[in-house]
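The numbering of the sequence shown is our numbering, which starts it at 6 and goes up by one.
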Amino acid sequence: SLSTHTLHRTPAQPHMTRPPLLQRCLRELRHLWLDAADARRLLPPEAQARLEAAVQASEARHLGELRLCVEAGLPWGALRQGLDARGRALELFSALRVWDTAHNNGVLIYLLLADQRIEVIADRGVSIHVPPDTWQALADRLGEALRQGQPEPGLLAAIEQVGTLLRQHPQPMQVAPEGADFLHVHG
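Rendered as structure tokens:
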């Protein structure tokens with residue numbers, strides 16, 4: 006099974022919720038208001054390039070799969086279904102094939118800007134070795150960096166921590182495939 010960790014929410018909450026009408030409408034407006042330009046303001050192309058290089062350097066030292074995904078807002082269909090950040094992170098974990106490693110050791114760091122949520126999804130090969138409070142601490146530190154207006158340093162620190170965790174559980178060295186995508190920024 007997957008291990009999921011988040012900032013500002015307990016893991017027991019459902020993936021899909023139906024808040025009261027006013028809250029739902031306000032949430033939908035936030036998601037529709039924010040777009041790819043908002044995500045690019047948070048992480049301009051130069052920052053994205055540095056983050057991608059950091060992920061590649063990390064992955065060169067372990068067999069794990071590490072992905073960052075930043076979305077300004079959810080797609081309309083996901084909003085209408087009441088999908089939350091955790092549910093969307095699980096969808097992306099699958100769609101981006103983060104789970105598709107020989108040792109089930111993929112990790113996704115997901116930011117949903119409209120909801121101000123962070124999700125860390127770790128596959129079972131990682132979560133059996135890393136206690137949940139470690140992932141929560143990572144999300145907390147990243148959340149603090151975001152609140153302080155330091156998204157790139159916060160994400161670089163998160164990449165380094167995930168890389169360290171993946172290296173602590175020795176596995177054969179393997180280089181990521183050429184041309185793999187490591188950072189996804191969506192509107």
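Virtual Cβ for every residue (Gly too), placed ideally from N, Cα, C.
Contact check, residue 34 vs residue 156, beta carbons under 8 Å: For the purposes of this step, residue 34 is taken as residue 29 along the sequence shown, with counting starting at 1. For the purposes of this step, residue 156 is taken as residue 151 along the sequence shown, with counting starting at 1. The answer is no: Cβ separation not under 8 Å.
Pairwise C-alpha distance: residue 105 and residue 128: Indexing the sequence shown from 1 puts residue 128 at position 123. Indexing the sequence shown from 1 puts residue 105 at position 100. A direct Cα-Cα distance of roughly 10 Å separates residue 128 from residue 105.
Close beta carbons around residue 27, own chain, < 6 Å, minus the five adjacent residues each side: Locating residue 27 in the sequence shown gives position 22, where the first residue counts as 1. So no residue of the chain qualifies.
Pairwise C-alpha distance: residue 75 and residue 37: For this step, residue 37 is matched to residue 32 along the sequence shown. For this step, residue 75 is matched to residue 70 along the sequence shown. Looking at the two C-alpha atoms, the distance is approximately 15 Å.
Integer Cβ distance of residue 68 from residue 108, believed to fall under 8 Å: Taking the sequence shown and counting its residues from 1, one reaches residue 68 at position 63. Taking the sequence shown and counting its residues from 1, one reaches residue 108 at position 103. About 6 Å separates the two Cβ atoms, so the contact holds.
Residue from 120, 64 and 72 whose Cα sits closest to the Cα of residue 89: To locate residue 89, count along the sequence shown from 1; it is residue 84. Here the closest residue by C-alpha is 120.
Residue 131 beta carbon less than 8 Å from that of residue 71: Taking the first residue of the sequence shown as 1, we reach residue 71 at position 66. Taking the first residue of the sequence shown as 1, we reach residue 131 at position 126. In this structure, residue 71 lies away from residue 131, with their beta-carbon atoms at least 8 Å apart.
Range covered by the beta strand (DSSP E) that runs through residue 111: Stepping through the sequence shown from its first residue, residue 111 is reached at position 106. Residues 111 to 117.
Cα-Cα separation between residue 149 and residue 82, rounded to whole angstroms: Position 144 of the sequence shown holds residue 149. Position 77 of the sequence shown holds residue 82. Rounded to whole angstroms, residue 149 to residue 82 spans 30 Å at the Cα level.
Residue 102 (DSSP reduced to helix, strand or coil): Taking the sequence shown and counting its residues from 1, the one referred to as residue 102 is at position 97. Residue state, collapsed to three classes: coil.
Whole runs of the beta strand (DSSP E) within the stretch 38 to 108, excluding any shorter than 3 residues: Counting only runs of 3 or more residues that sit fully inside the stretch 38 to 108, the beta strand (DSSP E) segments are 70 to 76, in chain order.
Limits of the beta strand (DSSP E) - the one that residue 125 falls within: Taking the sequence shown and counting its residues from 1, one reaches residue 125 at position 120. Where residue 125 is concerned, the enclosing beta strand (DSSP E) stretches over 122 to 127.
Proximal residues to residue 135 (C-beta, below 6 Å), its chain only, five neighbours per side dropped: Against the sequence shown, residue 135 aligns to sequence position 130. Residues of the same chain with a CB within less than 6 Å of the CB of residue 135, apart from the 5 flanking positions on each side, are 170 in chain order.
Buried versus exposed call for residue 62 [16 or more other C-beta atoms within 10 Å across all chains shown]: Here residue 62 corresponds to residue number 57 of the sequence shown, with the count starting at 1. With a 10 Å radius around the Cβ and a threshold of 16 neighbouring Cβ atoms, residue 62 comes out exposed.
Cβ-based neighbour list, residue 78, same chain, cut-off 6 Å, excluding 5 preceding and 5 following: By 1-based counting over the sequence shown, the position of residue 78 is 73. Within the same chain, residue 78 has close Cβ partners 36, 39 and 119.
Local conformation of residue 168 per DSSP, three classes: Along the sequence shown, one-based indexing puts residue 168 at 163. Per DSSP, reduced to three states, the secondary structure at residue 168 is helical.
Cβ pair residue 151, residue 166 closer than 8 Å: Numbered from 1 along the sequence shown, position 146 holds the residue referred to as residue 151. Numbered from 1 along the sequence shown, position 161 holds the residue referred to as residue 166. No, they are not a contact pair.
Supposed contact pair residue 59 and residue 164 - C-beta distance, whole angstroms, cut 8 Å: The sequence position of residue 164 within the sequence shown is 159, counting from 1. The sequence position of residue 59 within the sequence shown is 54, counting from 1. Sure, about 5 Å apart at Cβ, within 8 Å.
Pick from 147, 31 and 42 that is closest to residue 116, judged by C-alpha positions: Here the question's residue 116 lines up with position 111 in the sequence shown. Nearest option by C-alpha distance: 147.
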